[in-house]
Amino acid sequence: MTKTVAPPPQAELPPEAPKGSSGTKGSATHRGDRIFSGLTKGSGITLLVIMAAIAAFLTWRSINALSVNEGNFFTTFDWNANADPPVFGIAVLAFGTVVSSVIAMALAVPVAVGIALFISHYAPRKLASPLAYVIDLLAAVPSIVYGLWGALFLVPHLSGLYFWLDDYFGWTGVFAYDGGAARSLFTVGIVLAIMILPIVTNVSREVFLQVPRMHEEAALALGATRWEVIRMSVLPFGRSGVISASMLGLGRALGETMAVATVLSPSFLINPSLLNPGGGTFAQNIAAGFNEAGDIGRDALIASGLVLFVITLVVNGGARMIIARRKEYSGANA
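Just so we're on the same page, my numbering is the position in the sequence shown counted from 1, plus 778.
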């Protein structure tokens, strides 16, 4: 009798997908990715186009004035752009802008770093949060409010300080004071320092909070005091972040307009004393003279704006480069 051999069992095939549905979800996902990628690239390109358009416009309008300028644009101390022939230069404006910004940085950065360290490492939680909120509120105050406060309150009350500086340091010439109104570059620097304080404080605070906990605990385990922990672990870790925060604050100080225009008593004169009225800044000069200027005068102001535009780009670009050099700033290695 012949024995019948049963065929081997066949593996069950998966159920067929409904017709027309194969790959639909994957295609939709890839299409969404392409759309989102295109939108983000378009946004980045749009920003670059806007920056290039601003630079091109400023350069084009500047050429009209620079071509008829009878003075050296970078070294001339006068500003007579509406004269015939026009004579103007940015020496006084560059000096006032740099000096007032340096004063602001010298006053603001140490205080901002101290506040950031207090909030991040010393203050109790119940005090740290309200204090951080107050610092954030300072950043939201309009610049014209700072300018009015500086002109109406700070200027009348600085004479005593300026007389004291004149008594002890007037021999240097930098702190000589003749007793006039305190509408000087030093007063402008004080107002700018208060304005950039929130920027430097907030960025520095975030940097200090990103210090790896194990670094601090290791220092404490070795018997370090709290100050030694900050000096050996926190400050070295956050050094580049503090520098970048300072440069961001510097960029804000360089371009400030209304507060400077409200406080400063401008003149096209480089005064060796920082306490006496005089001097000017790029932004203040543009705001004060744009409406009354003629065609050449406006182009001359735009030329000074181009210089300020380049300086601001360089400062902020330097800050971004410093941030990029330290991945710890973003918490990547925390």
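Backbone N, C-alpha and C define an ideal beta-carbon position, used for all residues, glycine too.
Keeping to the same chain, check which residues put their C-beta closer than 8 angstroms to that of residue i; ignore five residues upstream and five downstream.
i	result
glycine 849	Asp856, Val865, Phe866, Gly867
alanine 997	Glu1006, Val1007, Met1010, Ser1011
alanine 1102	none
glycine 957	Ser937, Phe941
isoleucine 1074	Asn842, Ala843, Val846, Ala859, Asn860, Pro864
glycine 1095	none
isoleucine 1100	Ser1018, Ile1021, Ser1022, Met1025
threonine 853	Gly867, Ala869
leucine 1079	Ala859, Asn1063, Ile1064, Gly1067, Phe1068, Ala1071
Using C-beta distances below 6 angstroms, list every residue in its chain close to residue i, excluding the 5 sequence neighbours before and after it, in chain order.
i	result
leucine 916	Pro976
isoleucine 913	Pro976, Thr979
phenylalanine 931	none
alanine 1112	Its pLDDT being 45, under 50, alanine 1112 is placed unreliably by the model, and nothing is read from it.
alanine 906	Ile897
serine 1108	Below a pLDDT of 50, predicted positions are generally treated as unreliable, and serine 1108, at 45, falls in that range; the measurement from the model is reported next regardless. Here the set comprises nothing.
Who are residue i's beta bridge partners in DSSP?
i	result
glycine 1057	Ser1045
asparagine 858	Val865
serine 962	Pro1055
Please work out which residues of its chain come closer than 7 angstroms, Cβ to Cβ, to residue i, disregarding the five sequence neighbours upstream and downstream, and give them in chain order.
i	result
leucine 1084	Leu836, Thr837, Ser840
tryptophan 1005	none
leucine 909	Ile897, Ala901
alanine 1110	Unreliable placement is indicated for alanine 1110, whose pLDDT of 44 sits below 50; the coordinate value is still reported in the next sentence. Same-chain partners within the cutoff: there are none.
glycine 1033	Ala1061, Leu1086, Thr1090
phenylalanine 947	Phe953
aspartate 767	Past the edges of the chain, shown from 779 to 1112, lies residue 767, and the structure says nothing about it.
alanine 894	Thr979, Ser982, Arg983, Phe986
Return the first residue and the last residue of the alpha helix (DSSP H) that residue i is part of.
i	result
aspartate 944	937-947
histidine 993	991-999
tyrosine 911	903-918
glutamate 1006	1004-1007
tyrosine 924	921-927
phenylalanine 851	Run containing phenylalanine 851: none; DSSP gives neither H nor E here.
leucine 1026	1013-1033
Within the 9 angstroms Cβ cut-off, does residue i reach chain D?
i	result
phenylalanine 964	Absence of chain D from the displayed structure is noted, only one protein chain being present.
Give me the residue from the options with the minimum Cα distance to residue i.
i	options	result
alanine 1071	Ala901, Ala861, Val1092, Gly816	Ala861
alanine 872	Asn1069, Gln1062, Gly1075	Gln1062
valine 969	Pro1014, Ala1002, Pro908, Val1041	Val1041
leucine 987	Ala886, Leu1013, Leu817, Phe964	Leu1013
valine 876	Ser937, Val966, Leu826	Val966
valine 1092	Arg809, His935, Gly1029	Gly1029
serine 921	Ala1039, Phe1046, Asp1077, Thr1090	Ala1039
asparagine 759	Asp944, Ser845, Gly810	Limits of the chain in this structure are 779 at one end and 1112 at the other, which puts residue 759 out of reach.
alanine 1031	Ile1074, Gly816, Ser1045, Leu1086	Leu1086
arginine 1098	Met1025, Ile1048, Leu825	Met1025
phenylalanine 953	Leu1052, Leu885, Gly1096	Leu1052
serine 962	Thr818, Arg983, Met829, Ala929	Ala929
serine 879	Gly1095, Glu995, Ile974	Ile974
alanine 1037	Val933, Gly951, Asn1094	Val933
glycine 1067	Pro1050, Gly1056, Pro1044, Gly874	Pro1044
isoleucine 1064	Thr1035, Ser982, Ile1048	Thr1035
threonine 1003	Phe814, His899, Thr853, Ala971	His899
alanine 884	Gly1001, Asp1077, Phe964	Phe964
glycine 951	Ser982, Ile813, Asn1049, Arg983	Asn1049
proline 888	Gly822, Gly820, Arg983	Arg983
histidine 935	Tyr911, Ala960, Val919	Ala960
alanine 890	Gly1057, Gly1058, Gly1027, Ala1081	Gly1027
Can we count residue i as close to the ligand COA, meaning its CB is less than 8 angstroms from some heavy atom?
i	result
tryptophan 1005	The model depicted lacks the ligand COA and carries no ligand whatsoever.
**OP:** Could you tell me whether the region 978-990 touches the region 1013-1032, where touching means 3 or more Cβ pairs closer than 8 angstroms?
**Re:** yes
Original post:
For the 8 angstroms Cβ check, are there 3 or more pairs between the region 921-936 and the region 982-999?
Top reply: no
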